[in-house]
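Accompanying notes for the structure given below.
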Amino acid sequence: KNGVNCQFYLTRLDEEVPSDSGIHVRDWVPYSEYVELLKKAKCLLDIVPPNTDCNTLRVNEALSYKCKILTNNENITSEEFYDAKNVSVYKIAEDINIEFLLEEYNNPEYNGYVTKTTPKALIKHLDKVLYGKGEESYE
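Read in order, the letters of the sequence shown correspond to residues 15 to 153 in the numbering used here.
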């Protein structure tokens, strides 16, 4: 409907869901499979518990794979990478703007934010902090 094809992967769901609903219920999804799904996705739905004041790892992963983010985490709007063209915040399902989902990903620079959050950057940072090795370069 509306030109949007949604696929949801949920764990620990007690209810039966229709097989044609786009909802996949599994005990768990291996991380390698999750990354492959994310690479193909245009938008990631990130649902956090109420009063959450930090981002999930899914947000960094979505940014790394140039995937839009749809979240209920209102604090995301104060992050340095926030761009309303790529990140949409909702309170209730009726707030979700279908046009946001249909528009292409905007490819901003994020002032190097994505580069700073890669596993390679984390290892370089830990080497510097823990062992005094190398420089704090994120390239």
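Virtual Cβ for every residue (Gly too), placed ideally from N, Cα, C.
- Apart from the 5 residues on each side of it in sequence, V39 sits with its Cβ closer than 7 Å to the Cβ of L24, L27 and V31 in its chain, given in chain order.
- C20 is not a Cβ neighbour of A55, given a cutoff of 7 Å.
- Scanning its chain for C-beta atoms nearer than 8 Å, with the 5 sequence neighbours on each side dropped, one finds around L52 the residues L58, E75, A76, Y79 and C81, in chain order.
- Contact check for N86 and V62: beta-carbon distance about 6 Å, within the 8 Å limit, so the pair qualifies.
- CA-to-CA, the gap between E108 and D141 works out to about 46 Å.
- Sequence-distant partners of D97 (beyond 5 residues in either direction) whose C-beta falls short of 7 Å from its own C-beta, in its chain, are N120 and P122.
- For S102, the secondary structure class from DSSP, reduced to helix, strand or coil, is strand.
- In this structure, Y104 lies away from I112, with their beta-carbon atoms at least 7 Å apart.
- T66 and S92 have their C-alpha atoms spaced approximately 13 Å apart.
- Residue burial annotation: D60 is buried, with at least 16 other C-beta atoms found within 10 angstroms of its C-beta.
- Residue pairing by DSSP leaves K138 without any beta bridge partner.
- Here N89 has D67 as same chain residues with Cβ atoms under 6 Å from its own Cβ, once five neighbours each way along the sequence are excluded.
- For a cut-off of 8 Å, the C-beta gap from S102 to L116 is around 12 Å, too long to register as a contact.
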